[in-house]
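Chemist:
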Amino acid sequence: MAFDYDGRTGYEPISDVDRKEFQEQGFLLLRNVLTEEHRAALEEAVDRVYAEEKAKGNTKKDGTLHLLGFLDRDELFGDLLTHPIAFPYMWGLAGWNLYSHHNHLDVTPPALEPEKPYWGWHQDGYRQNSDPETMDPNLPRPMFSLKVAYVLSDLSETGRGATKVIPGSHLWNSLPRPDDVTVHNPDPEGTVEITANPGDAFIFDRRQWHSRSTNLSNITRKMLFVGYTYRWIRPLDELHIDQDSQWWANRTPVQRQLCGEGTHTANYWGINWDGYVDDEIPLRKELKERNLLDRKIPWLR
26 MAFDYDGRTG YEPISDVDRK EFQEQGFLLL RNVLTEEHRA ALEEAVDRVY AEEKAKGNTK
86 KDGTLHLLGF LDRDELFGDL LTHPIAFPYM WGLAGWNLYS HHNHLDVTPP ALEPEKPYWG
146 WHQDGYRQNS DPETMDPNLP RPMFSLKVAY VLSDLSETGR GATKVIPGSH LWNSLPRPDD
206 VTVHNPDPEG TVEITANPGD AFIFDRRQWH SRSTNLSNIT RKMLFVGYTY RWIRPLDELH
266 IDQDSQWWAN RTPVQRQLCG EGTHTANYWG INWDGYVDDE IPLRKELKER NLLDRKIPWL
326 R
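Now the structure itself:
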């Protein structure tokens, strides 16, 4: 299915204002990223996948579904890899040597009962928060990855299970944890719940301290998260892509790169075996042909 995005290609550079805000705040809320037709088609696909997973017994007792590696479950999901409005933020903020290492489909029905106390604040990346850390607490760890979250349901009011963030906290290596997490604790100072309309999206640095929230409404929260990282980092989710399938045949060279395709091991590091940059890496090739590489920006060199 083709959707009208006014000629946007996914290769329009982001503004310096957006880049600065992301680097200072750790996230960006983007309005009207999905057309209503596109959003509705994605929600229909999510509902189908949810029904399939529920029939297999893969949802939780409360009906929640957190499905990893969902991209190949529908043609529409694969096309999200290069969404014409969101994708420029991925290569604009992280460069051309990217792929999607982690992606998840989330369906969160209204809570059936009050939630037990929990402390859900975290940074993404698991050992990426320990292995490269220095002994200097004032030196932030590298970003390494970022995510785009597509909002399919109405999260325009608080209390609907939206993501909570602390703007600017991506530059903190730690967050004070309450001594007793068996009782309800207030959110950390500066917490913002990302309220968004259907069709909006938000982008966040994996280091951003964030937490889920409880869905206290009568609306089922439906979201799609697509993460991007460098090709020299191993995948987090297991993808079981059938390379003989029509889904794979329909992927563009850039989308195949974003699914993890490469020609050899050095290629994942952005080079050929001669040690020089491989200009045939699909996303680099596309950006180079469009004169979008920029030596002033390290990840776009």
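Under this note's numbering, residues 26 to 326 are what the sequence shown spells out, in order.
Glycine included, C-beta positions come from ideal geometry on N, C-alpha and C.
Which term fits residue 41, buried or exposed, when burial requires 16 or more other beta carbons within 10 angstroms of its beta carbon?
Modeler: On the sequence shown, position 16 is the one that residue 41 refers to. Exposed: under 16 other Cβ atoms inside 10 Å.
Chemist: Please say whether residue 97 and residue 272 have beta carbons closer to each other than 8 Å?
Modeler: Counted from its first residue, the sequence shown places residue 272 at position 247. Counted from its first residue, the sequence shown places residue 97 at position 72. In contact: residue 272 and residue 97 (Cβ atoms closer than 8 Å).
Chemist: Any idea which residues DSSP pairs residue 240 with across the strands?
Modeler: Here the question's residue 240 lines up with position 215 in the sequence shown. Bridge partners of residue 240: 185.
Chemist: For a test of the three-state rule: what should DSSP assign to residue 218, helix, strand or coil?
Modeler: The residue you call residue 218 lines up with position 193 of the sequence shown. In this structure, residue 218 counts as strand in the three-state DSSP scheme.
Chemist: By how many angstroms is the C-alpha of residue 35 removed from the C-alpha of residue 322?
Modeler: The residue given as residue 322 occupies position 297 in the sequence shown. The residue given as residue 35 occupies position 10 in the sequence shown. Distance between the alpha carbons of residue 322 and residue 35: 19 Å.
Chemist: Is residue 187 near residue 228, with beta carbons less than 8 Å apart?
Modeler: Indexing the sequence shown from 1 puts residue 187 at position 162. Indexing the sequence shown from 1 puts residue 228 at position 203. Contact flag unset, no.
Chemist: Which residues in the same chain as residue 261 place their Cβ atom closer than 6 Å to its Cβ, once the five residues preceding and following it in sequence are excluded?
Modeler: One-based indexing of the sequence shown puts residue 261 at position 236. Here the set comprises 126 and 127.
Chemist: Distance check for residue 139 and residue 243, CA to CA, integer angstroms please.
Modeler: Translated into positions along the sequence shown, residue 243 becomes position 218. Translated into positions along the sequence shown, residue 139 becomes position 114. Straight-line Cα distance between these residues: approximately 14 Å.
Chemist: Give me whichever residues DSSP pairs with residue 229 in a beta bridge.
Modeler: Looking up residue 229 in the sequence shown gives position 204. Residue 229 is bridged to 52 and 172.
Chemist: Does DSSP put residue 47 in a helix, in a strand, or in coil?
Modeler: Your numbering for residue 47 matches position 22 in the sequence shown. If DSSP states are grouped into helix, strand and coil, residue 47 belongs with the helices.
Chemist: To the nearest angstrom, how far is the alpha carbon of residue 32 from that of residue 109?
Modeler: To locate residue 32, count along the sequence shown from 1; it is residue 7. To locate residue 109, count along the sequence shown from 1; it is residue 84. Taking the straight line from one Cα to the other gives about 9 Å.
Chemist: With respect to the alpha helix (DSSP H) encompassing residue 115, which residues constitute its N-terminal and C-terminal limits?
Modeler: By one-based count along the sequence shown, residue 115 stands at place 90. Taken as a continuous stretch (DSSP letters only), the alpha helix (DSSP H) holding residue 115 covers 112–119.
Chemist: Roughly how many angstroms lie between the CA atoms of residue 88 and residue 81, to the nearest whole one?
Modeler: As a working mapping, residue 88 is identified with position 63 in the sequence shown. As a working mapping, residue 81 is identified with position 56 in the sequence shown. In a straight line, the C-alpha of residue 88 is about 12 Å away from that of residue 81.
Chemist: So residue 90 packs on residue 78, CB below 8 Å; how close in whole Å?
Modeler: As a first step, residue 90 must be located in the sequence shown, where it is residue number 65. As a first step, residue 78 must be located in the sequence shown, where it is residue number 53. The Cβ separation is near 6 Å, so the contact holds.
Chemist: Count the other C-beta atoms from every protein chain shown that fall within 10 angstroms of the C-beta of residue 248, then say buried if there are 16 or more, exposed otherwise.
Modeler: Here residue 248 refers to the residue found at position 223 when the sequence shown is read from its first residue. Looking at its Cβ environment, which holds 16 or more other Cβ atoms inside 10 Å, residue 248 is buried.
Chemist: Going by beta carbon distance, what residues of the same chain come within less than 6 Å of residue 131, once the five residues before and after it are set aside?
Modeler: Counting from one through the sequence shown, the residue named residue 131 turns up at place 106. Result list for residue 131: 91 and 248, in chain order.
Chemist: As a quick exercise: from 245, 283 and 162, pick the residue whose alpha carbon is nearest that of residue 223.
Modeler: By 1-based counting over the sequence shown, the position of residue 223 is 198. The residue with the shortest Cα to Cα distance from residue 223 is 245.
Chemist: Relative to the C-alpha of residue 268, which candidate in 286, 86 and 312 has its C-alpha closest?
Modeler: Sequence index remark: in the sequence shown, residue 268 carries index 243 (1-based). Answer by Cα proximity: 286.
Chemist: Just to confirm the assignment, what range does the alpha helix (DSSP H) spanning residue 129 have?
Modeler: Counting from one through the sequence shown, the residue named residue 129 turns up at place 104. Here residue 129 belongs to no alpha helix (DSSP H); instead the beta strand (DSSP E) covers 123–133.
Chemist: Quick one: is residue 172 buried, meaning 16 or more other Cβ sit within 10 Å of its Cβ, or exposed?
Modeler: Within the sequence shown, the letter at position 147 stands for residue 172. Classification for residue 172: buried.
Chemist: For residue 134, tell me which candidate among 241, 195, 231 and 100 has the shortest Cα-Cα distance.
Modeler: The residue given as residue 134 occupies position 109 in the sequence shown. Considering only alpha carbons, the answer is 241.
Chemist: Residues bridged to residue 251 by DSSP?
Modeler: Position 226 of the sequence shown holds residue 251. Beta-bridge pairing links residue 251 to 128 and 173.
Chemist: Could you work out which residue in 94, 214, 70 and 192 is closest to residue 46 when comparing CA atoms only?
Modeler: Position 21 of the sequence shown, counting from 1, holds the residue named residue 46. Out of 94, 214, 70 and 192, 192 has the C-alpha closest to the C-alpha of residue 46.
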